[in-house]
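Heads up: the structure comes next, in structure tokens.
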Amino acid sequence: MNKYENSLQQTTVLSLRAISRRFQQGSREITVLDGASTDIGEAQAVALIGPSGAGKSTLLHIAGLLEKPDQGEVWIRGQNCAQLNDGERTRLRRKHIGFVYQFHQLLPEFTALENILLPQLINGKARSEGLDRARYLLSLMGLENRLDHRPAELSGGEQQRVAIARSIANQPRLLLADEPTGNLDPSTAERVFDQMLEVVRTEKLGAIIATHNHALAEQMDRTVMLENGKLLDLPPQ
Ligand SMILES: Nc1ncnc2c1ncn2[C@@H]1O[C@H](COP(=O)(O)OP(=O)(O)OP(=O)(O)O)[C@@H](O)[C@H]1O
Ligand SMILES: [Mg+2]
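So in this note's numbering, spot 232 of the sequence shown is number 300, and the numbers just go up one at a time.
Have a look at this one:
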């Protein structure tokens, strides 16, 4: 391996190699992903676009090791995940991957601070250290005055900002976000999106963010489009 290849290898967080996924729908089989490939680098924010039903969520689930492809390989930080057993996949996911969904999925009976503390405790972090990180992340998202609010006491934009903070609580290397601002009004969506990109850059994360909003996609480092089951890189604007 020459020096250039070696540096490429070190900076690739996620590599999707010829991913295929088919679903049975009634009597017919549909091919949703058909050889989708791409590499995501460290500190690289990539927009994932494509019409409804193109397979964006399916691709994110596979990239996040929540589902297995029918064919193809997912590599995370130089590791071929096809060779891992279920326990190893779970550990790798907990350690290296953060998720944000369209609906926040925060735990309703816990405060913002506790929602960010809990995944850290599950990962074995000491309570005081976890609280420090939770406070830091909430202030990074502009929520230093909302630490003790429960999700129902927060606005939609604030809930999503807590969800973003939670997704990176355990210092993942890869962030996968599935229409994270799709449920917000346009101006709130823009602000939350900007903050998410800032966090992605501060924490030097590789990120794939699925969005239907082309204006938001243009702010990212790269845009990939899912078409006919394949990923195409769109030329920069
Ligand atoms: N578990 C499943 N069983 C059968 N079909 C499925 C399953 N999951 C997804 N599909 C099908 O795969 C296709 C892609 O779905 P997916 O949710 O990945 O699309 P998407 O690009 O995320 O769409 P949207 O923009 O609406 O969120 C759809 O036609 C869907 O019906
Ligand atoms: Mg989807």
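Where a beta carbon is used, it is the ideal one built from N, C-alpha and C, also for glycine. Everything numeric in this text was worked out from a predicted model, so none of it was measured.
For ligand 1, no non-hydrogen atom lies closer than 7 angstroms to the CB of Ala-113. With 6 angstroms as the limit, the residues whose C-beta approaches a heavy atom of ligand 1 more closely than that are Phe-91, Gln-93, Val-100, Gly-118, Ser-120, Gly-121, Ala-122, Gly-123, Lys-124, Ser-125, Thr-126, in chain order. Short of 6 angstroms from the beta carbon of Met-293, and not among the five residues preceding or following it, lie these beta carbons of its own chain, in chain order: Ile-117, Gly-118, Leu-300, Leu-302. 8 angstroms or more divides the Cβ of Ser-105 from the Cβ of Ala-122. Residue burial annotation: Ile-276 is buried, with at least 16 other C-beta atoms found within 10 angstroms of its C-beta. A distance criterion of 7 angstroms places the beta-carbon of Asp-301 beyond contact range of ligand 2, judged by its closest non-hydrogen atom. Between Gly-132 and Leu-244 the beta-carbon gap is near 5 angstroms, inside 8 angstroms, which marks them as a contact. Remark: three or more beta-carbon pairs, one from each stretch, lie closer than 8 angstroms, so the stretch 247-262 and the stretch 219-228 are flagged as touching. Taking 8 angstroms as the upper bound for CB-CB distance, His-164 and Pro-240 are in contact here, some 5 angstroms apart. Here the alpha carbon of Arg-201 sits roughly 13 angstroms from the alpha carbon of Glu-271.
Contact between the stretch 93-103 and the stretch 282-290 is absent, with fewer than three C-beta pairs closer than 8 angstroms. For the set Thr-158, Leu-185, Lys-124, the Cα lying nearest the Cα of Arg-195 is the one of Leu-185. With fewer than 16 other CB atoms across the displayed protein chains lying within 10 angstroms of its CB, Gln-139 is exposed. Boundaries of the beta strand (DSSP E) around Met-293: 290-295. The beta carbons of Leu-174 and Arg-203 sit no closer together than 8 angstroms.
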